[in-house]
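Here's the structure we're looking at; comments come further down.
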Amino acid sequence: MLCSTTITGGPLGNAKYKLVQFHFHWGHDDKSGSEHTVDGKMYPSELHLVHYNTEKYASFGEAVTHSDGLSVIGVFIKVGDSEHKGFKALSENANKVKCKASKASTGSNFNPASLLPSNTSKYWTYEGSLTTPPCCESVRWIVLKEEISISLKQIEAMRDLCCDDCGSTRIPANFRPPLPLGSREVQASFQ
């Protein structure tokens, strides 16, 4: 996989998938927040980098309706003692977008690859769905084994974001609890 705005290889084969957006899920404390688990363990947060298949589909809207339309890279986030350098531009500007519908610039180009762990070659992959409505079954999930670590101050910057116009109502825990695998087969890129 390439660490850029386009990914290819691994479970995606030769198809190219373009990054359309990234977002975070988190819990109200450090015990939960991720939408995936490892051996039953949840993380405080999870990053999703959402891509669509540009070789087969003209837009994200078209791709979301096809089983091979999307790929999402999931990155577990734990809380540690040090600030994460790549996350810094986001956490330092979070207070500028604290209220619903507000916008801000980081002041420089932001490279989403700066949010990835150093090892992206070890991952779990499966065919699944988006975790937010309309929950289309159109996603090739790639969940990285290596997590990133952010500081308590950085995760609190996300937890302080609000879902109203005046900035008085915090976004509640915004993660979907992990669901049973059902008939899905999870494959690992490592032994």
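Residues in the sequence shown are numbered from 1 upward in steps of one, following UniProt numbering. Each residue gets a CB set at the ideal place from its N, CA and C atoms; glycine is no exception.
Cβ distance (whole Å) where residue i is taken to contact residue j below 8 Å
i           : j           : result
residue 49  : residue 72  : 7 Å
residue 79  : residue 150 : 6 Å
residue 54  : residue 17  : 7 Å
residue 131 : residue 35  : 5 Å
Bridge partner(s) assigned by DSSP for residue i
i           : result
residue 22  : 49
residue 187 : 125
residue 41  : 38
residue 148 : 77
Proximity test, residue i beta-carbon vs the ligand NAD heavy atom, cut-off 8 Å
i           : result
residue 174 : Among the components of this structure there are no ligands whatsoever, and the ligand NAD is therefore not found.
Range of the contiguous beta strand (DSSP E) that encloses residue i
i           : result
residue 127 : 123-128
residue 71  : 70-80
Range of the contiguous alpha helix (DSSP H) that encloses residue i
i           : result
residue 159 : 152-159
residue 144 : Per DSSP, residue 144 belongs to no alpha helix (DSSP H); it is in the beta strand (DSSP E), 139-144.
residue 56  : First-last for residue 56: undefined, no H or E at that position.
residue 86  : 85-93
Pair within 9 Å by beta-carbon distance, residue i and residue j
i           : j           : result
residue 189 : residue 141 : no
residue 56  : residue 94  : no
residue 136 : residue 179 : no
residue 164 : residue 122 : no
residue 148 : residue 77  : yes
residue 160 : residue 98  : yes
residue 11  : residue 154 : no
residue 146 : residue 118 : yes
Assess, as a yes-or-no matter, whether the stretch 82-99 is touched by the stretch 173-184 under the definition of 3 or more beta carbon pairs within less than 8 Å. no
For the stretch 12-29 against the stretch 45-62, are there 3 or more C-beta pairs whose distance is under 8 Å? yes
Check whether the stretch 55-62 touches the stretch 171-180, counting contact only when three or more Cβ pairs, one atom from each stretch, lie closer than 8 Å. no
Looking at C-beta atoms only, is the number of pairs between the stretch 108-118 and the stretch 35-42 that lie closer than 8 Å three or more? no
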